[in-house]
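From first to last, the protein sequence lines stand for chains U and P.
One rule links them: number in my numbering = place in the first sequence (from 1) + 717.
One rule links them: number in my numbering = place in the second sequence (from 1) + 305.
Backbone N, C-alpha and C define an ideal beta-carbon position, used for all residues, glycine too.
Keep in mind that this is a model prediction, so the values were computed, not measured.
Reviewing the structure listed below.
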Amino acid sequence: MIPDNLKYNESHEWARQEGDIVTIGISDYAQSEIQDIVYVELPEIGTELTQKTEFGVIESVKAAFDLYAPVSGEVIEVNESLLDAPEQVNESPYDDGWFLKIRITDSSELDALLDADGYQAHIEAEHA
Amino acid sequence: MKRTPLYQVHKTLNAKFTEFGGWEMPLQYSSIVKEHLAVRATVGLFDLSHMGEFEIHGQGANELVQKLSTNDVGRLTDGRVLYTLFCNETGGIVDDLLIYRYTDNHYMLVVNAANIEKDLAWVRSHNDTDAEIEDLSNETVLIALQGPKSIDILNLFVSELDVSEISFFRFMVGEVAGIPTVISRTGYTGEIGFELYVQTSSGEDLWNALYPAVIEAEGQPVGLGARDTLRLEAGLRLYGVDMNDDTNPLEVGLSKFVKSKNRQFIGKNALLAAKKKGITKQMVGFQMLDRAVARTGYAVYQEGERIGEVTSGAPSPSLKCSIGFAIVTSQTISEDDEIDIEIRSRMHPAKIVTEPFI
Numbered sequence: 718m719i720p721d722n723l724k725y726n727e728s729h730e731w732a733r734q735e736g737d738i739v740t741i742g743i744s745d746y747a748q749s750e751i752q753d754i755v756y757v758e759l760p761e762i763g764t765e766l767t768q769k770t771e772f773g774v775i776e777s778v779k780a781a782f783d784l785y786a787p788v789s790g791e792v793i794e795v796n797e798s799l800l801d802a803p804e805q806v807n808e809s810p811y812d813d814g815w816f817l818k819i820r821i822t823d824s825s826e827l828d829a830l831l832d833a834d835g836y837q838a839h840i841e842a843e844h845a
Numbered sequence: 306m307k308r309t310p311l312y313q314v315h316k317t318l319n320a321k322f323t324e325f326g327g328w329e330m331p332l333q334y335s336s337i338v339k340e341h342l343a344v345r346a347t348v349g350l351f352d353l354s355h356m357g358e359f360e361i362h363g364q365g366a367n368e369l370v371q372k373l374s375t376n377d378v379g380r381l382t383d384g385r386v387l388y389t390l391f392c393n394e395t396g397g398i399v400d401d402l403l404i405y406r407y408t409d410n411h412y413m414l415v416v417n418a419a420n421i422e423k424d425l426a427w428v429r430s431h432n433d434t435d436a437e438i439e440d441l442s443n444e445t446v447l448i449a450l451q452g453p454k455s456i457d458i459l460n461l462f463v464s465e466l467d468v469s470e471i472s473f474f475r476f477m478v479g480e481v482a483g484i485p486t487v488i489s490r491t492g493y494t495g496e497i498g499f500e501l502y503v504q505t506s507s508g509e510d511l512w513n514a515l516y517p518a519v520i521e522a523e524g525q526p527v528g529l530g531a532r533d534t535l536r537l538e539a540g541l542r543l544y545g546v547d548m549n550d551d552t553n554p555l556e557v558g559l560s561k562f563v564k565s566k567n568r569q570f571i572g573k574n575a576l577l578a579a580k581k582k583g584i585t586k587q588m589v590g591f592q593m594l595d596r597a598v599a600r601t602g603y604a605v606y607q608e609g610e611r612i613g614e615v616t617s618g619a620p621s622p623s624l625k626c627s628i629g630f631a632i633v634t635s636q637t638i639s640e641d642d643e644i645d646i647e648i649r650s651r652m653h654p655a656k657i658v659t660e661p662f663i
């Protein structure tokens with residue numbers, strides 16, 4: 718399940734652009750690989766993210782996984798419901814399980830991300 | 306990497322694999338949480354063929370195992386199992402293991418997978434008796450059936466026997482699904498359960514016989530991921546993580562498996578000297594008070610002072626919070642005391658709890 722209307726990081730985060738606001742989450746493929754997500758650590762509102770650098774951590778029963786920003790920008794909203802219900806990332810990675818909304822500074826950064834076809838090919842290459 | 310004789314079975318079940326002690330082992334089949342909860346609620350089926358099995362035969366067998374074992378093998382009668390440790394001369398733990406007594410001149414040792422060669426060399430180099438030591442690790446498949454429904458399931462495959470009559474830490478030689486099997490009432494999960502030792506050639510047949518009954522009972526095949534969370538909840542140590550050649554048993558809460566009275570064993574003098582000098586470290590169980598997960602190596606603080614580190618930690622599927630063990634230098638720490646664990650440069654609150662956690 719790889720929605721066409723999103724852009725993807727090679728590290729499996731997705732970005733959904735609406736004007737200068739971008740919502741960030743992880744892909745269905747990533748959640749199914751990680752499984753059993755029990756904890757999500759996210760930055761506070763106002764934090765400046767830099768493309769391709771770490772912005773948070775998700776923990777499964779087995780291990781911790783770093784999250785990398787697909788684009789740069791200021792955090793304007795955090796999905797607080799994940800604090801009490803991190804399993805939403807497993808159950809609904811593209812909707813209820815979103816992490817952050819950020820105000821982007823340079824929308825051309827989105828061009829550097831993979832589209833759905835490119836991401837599909839990337840997953841297949843990782844699996845090969 | 307080494308593979309168990311059941312590798313193809315796991316492959317067919319779409320297991321995810323992981324490296325453990327030089328072995329390519331199933332990490333999980335469905336989900337760690339699902340497998341964990343199945344063992345607590347119904348039953349789980351495990352391939353533990355990576356573990357090592359040695360047999361010791363001969364007049365000197367008893368003398369040899371007594372000399373190596375911190376726990377008193379003299380307490381065993383035929384058909385009983387003992388949890389024990391091998392220590393080196395300085396009191397460090399060489400391995401933790403089970404000793405099965407068939408007779409006083411026939412024992413089986415079951416050791417950790419990563420330590421098979423080390424332990425074999427250890428046992429052989431200390432043998433000054435006529436006892437013969439045979440490494441049967443490659444010839445043995447070990448399948449564990451663990452959980453409250455394990456008795457009912459195993460009873461489907463035995464005749465003229467009710468396995469509920471095998472008491473905890475006892476074993477017998479019998480047949481399961483017509484296959485000659487060492488049926489042992491032991492496990493590493495904190496549940497009722499059995500560990501079944503068969504010849505490698507029969508391993509797949511035994512798994513294939515038990516598997517449908519496990520699924521029928523709403524059980525699961527279980528990988529090493531859930532094996533780790535199950536043993537953690539049960540307060541059981543893992544060699545190589547919670548203890549190693551430099552840790553002594555008194556520091557990791559295993560002193561009850563050290564029996565020094567009226568017997569000699571390797572490491573005894575060092576352990577007695579350490580006890581006399583005063584043990585400066587202890588292992589404690591902790592429970593996180595927020596949702597953060599404390600893992601191996603994280604620093605532990607008490608009132609701002611660093612007192613030790615986490616050896617094992619994971620989210621507990623049964624308790625829905627994270628738990629773990631830590632080695633700390635504090636002598637005064639006790640149940641319900643608050644500690645802080647540093648996770649990615651931030652302090653997270655936890656409290657000391659008595660093990661087992663469940």
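TODO: Could you pull out every unbroken alpha helix (DSSP H) segment of at least 4 residues lying fully inside the stretch 415 to 472 of chain P, listed in chain order?
DONE: Here the runs fully enclosed are 421 to 430, 455 to 460.
Open item on the list: Starting from residue 818 of chain U, trace the beta strand (DSSP E) in both directions and tell me its first and last residue.
Closed with: In the DSSP assignment, residue 818 of chain U falls within the beta strand (DSSP E) that extends over 817 to 821.
- [ ] Say yes only if the C-beta of residue 515 of chain P is nearer than 7 Å to one or more non-hydrogen atoms of the ligand HEM, and no if none qualify.
- [x] The ligand HEM is not part of the structure shown, which contains no ligands of any sort.
TODO: For residue 752 of chain U, decide whether its Cβ has a neighbour in chain P, counting only Cβ atoms nearer than 8 Å.
DONE: By this cut-off, residue 752 of chain U is an interface position.
- [ ] State the start and end residues of the unbroken beta strand (DSSP E) segment that holds residue 568 of chain P.
- [x] Premise fails: residue 568 of chain P is in no beta strand (DSSP E) and is neither H nor E.
Task: Chain-ordered chain U contacts of residue 506 of chain P [CB-CB under 8 Å] - done: What residue 506 of chain P touches in chain U: nothing, since even the nearest Cβ is about 33 Å away.
TODO: Starting from residue 336 of chain P, find everything on chain U with Cβ-Cβ shorter than 7 Å and list it in chain order.
DONE: Here the neighbours are 752, 753.
Task: DSSP three-state assignment for residue 333 of chain P, whether helix, strand or coil - done: Of the three classes helix, strand and coil, the one that applies to residue 333 of chain P here is strand, per DSSP.
- [ ] Sort P/514, P/518, P/504, P/574 by Cα distance to residue 372 of chain P and report the nearest one.
- [x] Nearest option by C-alpha distance: P/574.
Open item on the list: Within a Cβ cutoff of 6 Å, which residues of the same chain sit near residue 558 of chain P, ignoring the five residues on either side of it in sequence?
Closed with: Only residues of its own chain outside the window of five on either side were considered, and among them 588 have a CB closer than 6 Å to the CB of residue 558 of chain P, listed in chain order.
- [ ] Tell me where the alpha helix (DSSP H) around residue 534 of chain P begins and ends.
- [x] Where residue 534 of chain P is concerned, the enclosing alpha helix (DSSP H) stretches over 529 to 538.
Task: Exposure of residue 435 of chain P, with buried meaning 16 or more beta-carbon neighbours within 10 Å - done: Here residue 435 of chain P is exposed, its C-beta having fewer than 16 other C-beta atoms within 10 Å.
TODO: Note down the Cα distance separating residue 322 of chain P from residue 476 of chain P, rounded to an integer number of angstroms.
DONE: Going by the C-alpha atoms only, they are around 31 Å apart.
Open item on the list: Taking the beta carbon of residue 431 of chain P as the centre, do at least 16 other beta carbons fall within 10 Å, making it buried, or is it exposed?
Closed with: By the neighbour-count definition (other C-beta atoms within 10 Å, threshold 16), residue 431 of chain P is an exposed residue.
TODO: Verify the CB distance criterion: does residue 756 of chain U have a CB-CB separation below 8 Å to chain P?
DONE: Interface criterion met: the Cβ of residue 756 of chain U is under 8 Å from a Cβ in chain P.
Open item on the list: Can you pull out the residues from the stretch 529 to 545 of chain P whose beta carbon lies closer than 7 Å to at least one beta carbon of chain U?
Closed with: Taking 7 Å as the upper bound on Cβ-Cβ separation, chain U lies near residues 530, 534 of the stretch 529 to 545 of chain P.
Open item on the list: With the cut-off set at 8 Å, would you say residue 766 of chain U and residue 819 of chain U are in Cβ contact?
Closed with: Yes, these two residues count as a Cβ contact at 8 Å.
- [ ] Could you work out which residues of chain U lie near residue 343 of chain P, taking near to mean beta carbons separated by less than 8 Å?
- [x] Correct list: empty, because the minimum Cβ distance to chain U is about 14 Å.
Open item on the list: Using the three-state DSSP reduction, which class does residue 507 of chain P fall into: helix, strand or coil?
Closed with: The DSSP-derived three-state label of residue 507 of chain P is helix.
Open item on the list: Looking only at its chain, what residues have a beta carbon closer than 6 Å to the beta carbon of residue 523 of chain P, apart from the 5 residues adjacent to it on each side?
Closed with: Non-local beta-carbon contacts of residue 523 of chain P in its own chain, meaning distances under 6 Å to residues more than five positions away in sequence, involve 347 in chain order.
- [ ] Report the neighbours of residue 781 of chain U on chain P: residues whose CB is nearer than 8 Å to its CB, in chain order.
- [x] By Cβ distance, chain P contributes 598, 600.
Open item on the list: With a threshold of 7 Å on Cβ separation, who are the neighbours of residue 643 of chain P within its own chain once the five nearest residues in sequence on each side are excluded?
Closed with: Excluding residues within five positions, the ones whose Cβ falls inside 7 Å are 654, 656.
Task: Beta-carbon proximity check, residue 838 of chain U vs residue 787 of chain U, cutoff 8 Å - done: Their beta carbons are not under 8 Å apart, which means residue 838 of chain U does not touch residue 787 of chain U by this criterion.
Task: At least 3 beta-carbon pairs within less than 8 Å: the stretch 395 to 410 of chain P vs the stretch 450 to 467 of chain P - done: A contact is defined here as three or more CB-CB pairs under 8 Å, and the stretch 395 to 410 of chain P fails this definition with respect to the stretch 450 to 467 of chain P.
- [ ] Let me know the secondary structure DSSP gives residue 734 of chain U once reduced to three states.
- [x] Assigned with DSSP and collapsed to three states, residue 734 of chain U falls in strand.
TODO: Mind listing the chain U neighbours of residue 619 of chain P? Cutoff is C-beta to C-beta under 7 Å, in chain order.
DONE: Going along chain U in sequence order, the residues near residue 619 of chain P (Cβ under 7 Å) are 778.
- [ ] Under 8 Å by Cβ, that's how I've got residue 792 of chain U and residue 773 of chain U pegged, so tell me the actual separation to the nearest angstrom.
- [x] Not confirmed; about 10 Å, so no contact.
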